[in-house]
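Inspection log for the structure reproduced underneath, given as structure tokens.
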Amino acid sequence: MPKRSKKHTEALNKVDRTVQYEPMNALELTVSSSYAKFDETVDIAVKLGVDPRHADQMVRGTVVLPNGLGKDVKILVFAKGEKEKEALDAGADFIADDETIEKIKNGWFGFDKAIATPDMMGAVGKLGRVLGPRGLMPNAKTGTVTFELEKAINELKAGKIDFRVEKAGIVHVPVGKVSFGAQKLAENFKAFIDKLVSLKPASSKGTYLKTITVSSTMGPGIKVDPLLVK
Numbered sequence: 001m002p003k004r005s006k007k008h009t010e011a012l013n014k015v016d017r018t019v020q021y022e023p024m025n026a027l028e029l030t031v032s033s034s035y036a037k038f039d040e041t042v043d044i045a046v047k048l049g050v051d052p053r054h055a056d057q058m059v060r061g062t063v064v065l066p067n068g069l070g071k072d073v074k075i076l077v078f079a080k081g082e083k084e085k086e087a088l089d090a091g092a093d094f095i096a097d098d099e100t101i102e103k104i105k106n107g108w109f110g111f112d113k114a115i116a117t118p119d120m121m122g123a124v125g126k127l128g129r130v131l132g133p134r135g136l137m138p139n140a141k142t143g144t145v146t147f148e149l150e151k152a153i154n155e156l157k158a159g160k161i162d163f164r165v166e167k168a169g170i171v172h173v174p175v176g177k178v179s180f181g182a183q184k185l186a187e188n189f190k191a192f193i194d195k196l197v198s199l200k201p202a203s204s205k206g207t208y209l210k211t212i213t214v215s216s217t218m219g220p221g222i223k224v225d226p227l228l229v230k
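Residue numbers (our numbering): 1 to 230.
Rendered as structure tokens:
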């Protein structure tokens with residue numbers, strides 16, 4: 001087992017691992033226990049009372065975080081003609097022309113999100129094997145297959161995230177940077193949890209929000225009391 005640094009040990013000592021904290025206290029602890037020289041990302045992991053093996057218990061959705069993610073989201077758009085111009089005018093970073101598509105096939109992924117107009121999905125489908133595993137495949141359910149390019153680009157630039165429950169029943173998302181401070185992180189946290197609760201499947205019985213953990217990139221996991229989430 002690798003030796004822990006002094007700073008990591010100090011961060012661990014700030015957190016009582018036996019306690020489930022109120023959300024704001026947990027986020028304040030997350031910020032205060034951050035010690036890296038870079039601006040760490042703050043993540044939430046939620047264990048849900050669902051069985052994703054059943055289609056009617058698959059939880060999937062999108063939410064625009066009120067304070068964004070604290071990063072410049074690079075967007076690639078598959079479009080042609082007037083829609084190509086619309087995408088560029090709306091702030092798209094890349095247009096997937098033939099040269100760019102070849103670069104992607106050869107391993108280039110200099111973008112964070114991809115959007116496609118419906119008429120371009122034939123070309124996008126050919127890249128499914130490389131885009132899919134990286135979560136970059138445009139999808140109508142998350143609003144990234146659309147003719148409304150300006151709206152889609154603006155939402156992603158503003159901090160729209162998409163999420164889905166994993167096989168183990170866990171949803172894992174980023175909610176901002178340590179530099180946001182606890183208040184802005186709490187606003188993003190609430191927006192995500194509210195959306196998650198609204199997506200509770202009718203077939204899910206018992207406790208829905210089983211466990212909630214927040215952490216920064218290098219910091220310790222801090223438990224949040226699901227009963228105190230409002």
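Don't be surprised by glycine CBs; every beta carbon is placed ideally from N, CA and C.
As the structure is a computational prediction, the values presented were derived from the model and not from experiment.
Query	Result
Segment contact flag, the region 128 to 142 with the region 86 to 103, C-beta cutoff 8 Å, min 3 pairs	no
Distance CB(Lys-83)-CB(Phe-147) smaller than 8 Å	yes
From Asp-162, Glu-150, Val-214, Ser-198, residue whose alpha carbon lies closest to that of Asp-93	Glu-150
Spatial distance of Gly-61 from Val-165 (CA atoms)	9 Å
Start-end ranges of the beta strand (DSSP E) lying completely within the region 9 to 82, minimum 3 residues	41 to 48, 60 to 64, 75 to 78
Opening and closing residue of the beta strand (DSSP E) in which Thr-211 lies	209 to 216
Among Glu-28, Phe-189, Ser-32, Gly-132, nearest to Val-229 - alpha-carbon criterion	Phe-189
Pair within 8 Å by beta-carbon distance, Val-50 and Phe-192	no
Lys-167 and Leu-48 closer than 8 Å at C-beta	no
Distance, Asn-25 Cα to Lys-205 Cα	29 Å
Chain-order list of residues whose beta-carbon lies under 6 Å from that of Asp-162 (same chain, five-residue window excluded)	Thr-62, Thr-142
Buried/exposed call for Asn-67, threshold 16 Cβ in 10 Å	buried
Secondary structure of Gly-221, DSSP reduced to three states	coil
Beta-carbon gap between Ile-95 and Val-77 smaller than 8 Å	yes
Expected contact under 8 Å - CB spacing of Leu-65 and Gly-176 to nearest Å	7 Å
Host alpha helix (DSSP H) of Phe-163 (start-end)	Careful: Phe-163 lies outside any alpha helix (DSSP H), inside the beta strand (DSSP E) at 160 to 164.
Limits of the beta strand (DSSP E) - the one that Lys-233 falls within	With the chain running from 1 to 230 in the structure shown, residue 233 is simply not present.
Under the three-state DSSP convention, the category Pro-201 falls into	coil
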